[in-house]
Amino acid sequence: MKPAPPKALTYGPVPSRRLGYSLGLDILPFKTCSMDCVYCQLGACGKTTVRRREYIPVRTVLAQVRRALKSGARIDAVTFSGSGEPTLHSGIGRIIAGIKRMTGVKVVVLTNSSTLAGRANGRDLLQADIVVPSLDAATDPVFAKVNRPHAGITAEAIIDGLVRFRRRFQGRIWLEVMLVRGINDGPAHLRKLREAVERIRPDRVQINTVVRPPAEPSARPLTAAELERARKILGPTAEIIADFSRGKQPAAAPDASAALLAALGRRPMTAADLARSLGLSKREILALTRRLAAAGAICSVRHAGIVYYEPA
Ligand code: SF4
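Quick note on numbering: the numbering used here labels position 157 of the sequence shown as 357, and the sequence is numbered without any gaps.
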């Protein structure tokens with residue numbers, strides 16, 4: 201029997217609303233996470249972990265990043281995200297250092313902030329250019345509802361960890377607040393989040409809502425007007441993340457079907473997302489999605505009135 205091909209650890213570059221063309225880097229087995237957020241695009245898993253280890257050898261990760269950087273595609277950032285909480289990989293500090301030796305492209309880490317609460321307090325992230333930590337809850341009851349964390353992680357420890365990390369980290373901190381209707385969007389809770397923001401002093405606060413199909417169908421987005429009200433409460437550094445509007449990716453992937461399936465394997469995407477990511481016209485993407493749907497490889501789902509494609 202032929203051995204299974206090694207897991208592709210890089211994906212994209214995908215259009216990111218915040219980072220331009222971002223080469224995604226996924227250094228974990230699927231859904232290795234210290235939380236099980238109701239809005240997670242990876243689906244609900246019902247189990248969490250805080251175990252840190254070298255899930256994938258550092259040299260394997262660096263070899264794949266090197267290959268992707270040489271591909272000729274436009275890359276504005278290398279972004280750690282994907283299958284879970286990247287700081288659970290015990291080699292993340294060495295991986296960041298290795299990427300910095302290879303390229304001047306920005307290194308960005310998306311984190312749920314849980315490991316910042318520990319003694320290491322984000323030591324491995326100090327060489328990154330941008331850290332995008334999440335903070336969706338300022339109290340434990342709300343934290344339990346929106347993020348469903350591993351036992352023992354508290355909202356207060358996360359906030360304290362972020363305050364201490366801010367003092368040590370020289371790069372940019374873009375604090376992301378994901379708002380879910382009826383769970384963490386009440387004015388009293390938003391005022392508590394504002395108090396936390398004033399202690400953490402991030403460079404930006406980026407307000408997001410459930411714009412992609414979530415783990416729990418009951419996790420609903422806020423309207424534009426509600427987001428604007430939340431922005432006012434969260435203070436002058438807060439912004440609502442704008443829609444992606446960069447130019448088109450120059451080169452089409454040589455095997456568009458495989459590239460499309462790989463992109464959808466990471467997260468649900470709209471036809472417009474796919475067109476930008478793969479450098480194809482929307483018409484070509486629609487023809488491709490029709491063929492792949494007819495073959496049973498992908499399906500479409502509607503969320504908040506928008507059609508997304510995902511693997512069948
Ligand atoms: S922290 Fe991220 S990966 Fe983990 S459950 Fe939440 S959204 Fe999913």
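Just so you know, even glycine gets a beta-carbon here, dropped at the ideal spot from N, CA and C.
Residue i versus residue j - alpha carbon distance
i      : j      : result
Ala493 : Leu362 : 44 Å
Leu464 : Thr437 : 33 Å
Asn312 : Ser457 : 32 Å
Leu379 : Leu427 : 8 Å
Leu480 : Leu461 : 14 Å
Gly318 : Thr249 : 14 Å
Ala263 : Thr303 : 13 Å
Gly505 : Arg301 : 44 Å
Tyr509 : Ile440 : 25 Å
Reduced DSSP category for residue i - H, G, I as helix; E, B as strand; rest coil
i      : result
Ala204 : Since pLDDT at Ala204 reaches only 47, below the 50 mark, its modelled position is unreliable, and no value is offered.
Glu526 : The chain is shown from 201 up to 512; residue 526 falls before or after that span and cannot be answered.
Lys345 : helix
Arg513 : With the chain covering 201 to 512 only, the question about residue 513 has no answer from this structure.
Arg267 : helix
Val397 : helix
Val410 : coil
Option nearest residue i by Cα separation, candidates the options
i      : options                        : result
Ser290 : Glu428, Gly371, Leu325         : Leu325
Gly382 : Leu219, Asp336, Pro511         : Asp336
Val261 : Leu225, Asp276, Arg251         : Leu225
Arg502 : Val410, Asp329, Ala396, Glu376 : Val410
Thr339 : Gly293, Leu390, Gln370         : Leu390
First and last residue of the uninterrupted beta strand (DSSP E) at residue i
i      : result
Phe280 : 277-280
His503 : 498-503
Lys247 : Element bounds for Lys247: n/a, residue is neither H nor E.
Gly298 : Not the beta strand (DSSP E): Gly298 falls in the alpha helix (DSSP H), residues 292-302.
Thr210 : 210-216
Ile330 : 330-333
Bounding residues of the alpha helix (DSSP H) (the contiguous stretch that carries residue i)
i      : result
Met235 : Careful: Met235 lies outside any alpha helix (DSSP H) and carries neither H nor E.
Ala430 : 424-434
Glu439 : Per DSSP, Glu439 belongs to no alpha helix (DSSP H); it is in the beta strand (DSSP E), 438-440.
Status (buried if at least 16 other CB within 10 Å, exposed otherwise) for residue i
i      : result
Val507 : exposed
Asp385 : buried
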